[in-house]
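Student:
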Amino acid sequence: MRTDYDVILIGAGPAGIFAALELSARHPELRVAILERGADINRRRCPISGTGRSCLRCKPCSIVYGWGGAGAFSDGKLTLTTEFGGILDQYIDQEELAKLISEVDRVYLDFGAPDTVFGTNAATRDLQRQAATADLHFIPATIRHMGTETCYRVLEGMRQHLEGRVEVHTESPVARIEERDGAVTGVTLESGQALTASYVVAAPGRGGAEWFAREGARLDLGLENNPVDIGVRVEVPAVVMAHLTDAVYESKFLYYTRAFDDMVRTFCMNPYGEVVVENTDGLKIVNGHSYAERKTENTNFALLVSKTFTEPFREPISYGKYIASLANMLGDGVIVQRLGDLRAGRRTTDRRLQKGGVRPTLVDATPGDLSLVLPYRHLIDILEMLEALDRIAPGINSRYTLLYGVEVKFYSSRPQLSRVLETRISNLFAAGDGAGVTRGLAQASAAGVLVAREILRRTN
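Numbering (my numbering), first residue to last: 91 to 550.
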């Protein structure tokens with residue numbers, strides 16, 4: 091590894107990858123390095139995948155860290171809309187953002203993403219009408235679903251394309267971002283090695299969100315709190331939601347509760363998918379995947395309660411980790427509970443789980459009681475949302491519906507940024523989910539392109 095670069099990209103998730111693709115294509119003479127905490131894509135393997143064994147709490151977790159970021163093993167959904175998937179529209183206008191999303195979508199297609207998109211048919215209008223009658227707001231969106239297998243192959247192709255064009259250093263975690271007199275100067279690795287650069291892009295992904303929050307505080311980047319998203323993953327028979335998922339694949343619903351006027355939203359819907367565990371620095375949280383070629387009999391999706399806390403609260407990520415740690419304490423990881431048991435005020439047991447009409451796809455989950463984990467307010471919000479969803483998809487509010495907890499999204503802190511995502515420190519940019527500005531593959535990729543083009547403009 092050399093020690094001097096023009097551009098250092100921290101993180102090999104979609105933001106870092108697309109920044110590298112843009113820089114290498116338009117200015118191949120630039121000395122660009124990607125520094126990634128996890129392993130290269132061909133070495134990312136979960137040791138318990140397909141074994142039914144409990145999570146080994148590997149550090150770092152191959153599901154969360156490595157080339158491609160946490161999205162490498164996601165279900166590979168590209169949300170081709172400006173309305174959700176991030177908050178880039180707070181920095182650039184809707185027209186520019188739509189153009190960027192269209193451009194990154196074309197790149198994904200060039201690397202092998204499927205041509206098929208969902209959400210373009212007349213059924214979306216009918217869904218909006220049905221949702222309105224249930225006090226839900228349905229956000230129509232065009233979705234390109236790659237599936238976990240195809241997503242992996244696409245990211246593998248990008249890795250091969252960048253070989254020889256940029257330096258990729260995996261298993262090279264960054265300890266500190268360095269600056270002098272208000273301008274970035276480079277980074278220091280955990281190994282102690284110092285690397286200099288004229289430009290640094292912090293794109294640490296969800297797994298690196300807490301690290302970046304600490305760095306943001308140390309560097310006085312003016313951190314702001316995003317809403318804290320905490321909730322559960324819901325699993326139901328796929329037939330219950332087939333009329334929704336066959337039409338639009340991912341149904342995005344928003345609901346404001348009667349009890350507290352809190353916003354609850356659906357997130358990351360996985361038709362015929364499976365519930366999975368993610369290990370974030372030893373903390374087990376729940377997520378979901380769906381495959382293009384391998385299908386289950388269930389559909390899963392997250393229900394997230396979004397809460398914005400006011401001063402003096404400044405630890406949104408720590409708060410989310412604290413809630414998740416309660417589930418880990420009580421269930422040695424993810425807890426699963428039947429909705430009927432939760433309503434009856436009793437824990438789910440192995441015997442009760444076997445009586446249910448939904449066979450859990452996450453066999454590692456521990457039957458338990460989520461009321462001992464989630465705050466009362468969150469529970470009431472989630473139960474209300476399930477009642478509302480049942481009006482457009484009868485069966486969701488069944489006593490056999492499975493709830494897994496907890497699901498937490500670690501993008502709750504973001505620095506003050508310019509319209510080109512530059513921080514208070516000159517030539518230090520922040521992009522992607524870990525920086526708190528995006529919440530999905532498409533906008534994270536677009537953020538990487540946005541930052542890269544600003545660097546190219548400054549380097550002529």
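Beta carbons are placed, not taken as given, at the ideal position from N, Cα and C, and that holds for glycine.
So what does residue 510 bridge to, in DSSP terms?
Tutor: Residue 510 is not bridged to any residue.
Student: Would you list the residues sitting across from residue 517 in a DSSP beta bridge?
Tutor: For residue 517, which the question treats as bridged, DSSP gives no partner whatsoever.
Student: Can you confirm whether the stretch 207-226 touches the stretch 336-351 when touching is taken to mean that 3 or more C-beta pairs between the two stretches lie within less than 8 Å?
Tutor: yes
Student: Below 8 Å, how does it come out for the stretch 144-164 and the stretch 174-189: are there three or more Cβ pairs, yes or no?
Tutor: no
Student: For the alpha helix (DSSP H) holding residue 364, just list the boundary residues, first then last.
Tutor: Element bounds for residue 364: not the alpha helix (DSSP H) but the beta strand (DSSP E), 364-370.
Student: Please return the same chain residues whose Cβ sits closer than 7 Å to the Cβ of residue 278, not counting the five positions on each side in sequence.
Tutor: 265, 266, 268 and 284
Student: Pick out whichever of 375, 478, 529 and 260 has its Cα sitting closest to the Cα of residue 221.
Tutor: Between residue 221 and the set 375, 478, 529 and 260, the nearest pair of CA atoms involves 478.
Student: Would you mind giving the Cβ-Cβ distance between residue 395 and residue 378, rounded to the nearest angstrom? I have them listed as a contact below 8 Å.
Tutor: Not confirmed; about 17 Å, so no contact.
Student: Starting from residue 409, follow its DSSP beta bridges and name the residues at the other end.
Tutor: Its beta-bridge partners do not exist; DSSP assigns none.
Student: Check for me: the beta strand (DSSP E) holding residue 327 runs from which residue to which?
Tutor: It spans 318-327 - the beta strand (DSSP E) in which residue 327 sits, taken as one unbroken run.
Student: Is the beta carbon of residue 420 less than 8 Å from the beta carbon of residue 463?
Tutor: yes
Student: Hey, quick one: how far does the alpha helix (DSSP H) through residue 251 stretch, first residue to last?
Tutor: 237-252
Student: Would you check if the distance between the CB atom of residue 511 and the CB atom of residue 519 is smaller than 8 Å?
Tutor: Going by C-beta atoms, residue 511 is nearer than 8 Å to residue 519.
Student: Distance check for residue 364 and residue 426, CA to CA, integer angstroms please.
Tutor: 14 Å
Student: Using 8 Å for Cβ pairs, my map puts residue 344 next to residue 468. What's the rounded Cβ distance?
Tutor: In fact, because the Cβ distance is near 16 Å, the residues do not count as touching under 8 Å.
Student: Is residue 195 helix, strand or coil by DSSP?
Tutor: helix
Student: Pull up the distance between the alpha-carbon of residue 535 and that of residue 109, whole angstroms please.
Tutor: 8 Å
Student: Spatial neighbours of residue 310 within its chain, please: C-beta separation below 8 Å, excluding the five flanking residues on both sides.
Tutor: 514
Student: May I ask you to list the residues that DSSP assigns as paired with residue 167?
Tutor: 235
Student: Between residue 459 and residue 144, is the Cβ-Cβ spacing less than 8 Å?
Tutor: no
Student: Three-state secondary structure (DSSP) at residue 302?
Tutor: helix
Student: Among 434, 435, 451 and 428, which residue has its Cα nearest to the Cα of residue 441?
Tutor: 428
Student: Tell me, which residues are paired with residue 104 by DSSP?
Tutor: Looking at the DSSP assignment, residue 104 forms no beta bridge with any residue, so it has no partner.
Student: Would you mind listing the alpha helix (DSSP H) stretches within the stretch 432-498 that are 4+ residues and don't spill past its ends, in chain order?
Tutor: 440-445 and 466-480
Student: With respect to the alpha helix (DSSP H) encompassing residue 545, which residues constitute its N-terminal and C-terminal limits?
Tutor: 531-548
Student: Can you tell me whether residue 475 is buried or exposed? The criterion is at least 16 other CB atoms within 10 Å of its CB, across all chains shown.
Tutor: buried
Student: Output the boundary residues of the beta strand (DSSP E) element that contains residue 396.
Tutor: 388-397
Student: Once the 5 residues before and after residue 155 are set aside, which same chain residues still bring their CB inside 7 Å of it?
Tutor: 127, 128 and 297
Student: Measure the beta-carbon distance from residue 431 to residue 352 and round it to whole angstroms, keeping in mind my assumption that it falls under 8 Å.
Tutor: That pair is no contact at about 24 Å.
Student: The beta strand (DSSP E) spanning residue 279 covers which residue range?
Tutor: 273-279
Student: Three-state secondary structure (DSSP) at residue 379?
Tutor: Three-state result, residue 379: strand.
Student: Between the C-alpha atoms of residue 263 and residue 225, what's the straight-line distance to the nearest angstrom?
Tutor: 46 Å
Student: For the stretch 119-126 against the stretch 307-324, do three or more pairs of beta-carbon atoms, one drawn from each stretch, fall closer than 8 Å, so that the two count as touching?
Tutor: Result no; under three Cβ-Cβ pairs closer than 8 Å.
Student: Looking at residue 414 and residue 318, is the spacing between their C-beta atoms short of 8 Å?
Tutor: No, the Cβ-Cβ distance between residue 318 and residue 414 is not below 8 Å.
Student: In the DSSP assignment, find the beta strand (DSSP E) that holds residue 257 and state where it starts and stops.
Tutor: 257-259
Student: Thinking residue 294 and residue 100 are a contact (beta carbons under 8 Å), I'd like their distance in whole angstroms, please.
Tutor: 6 Å
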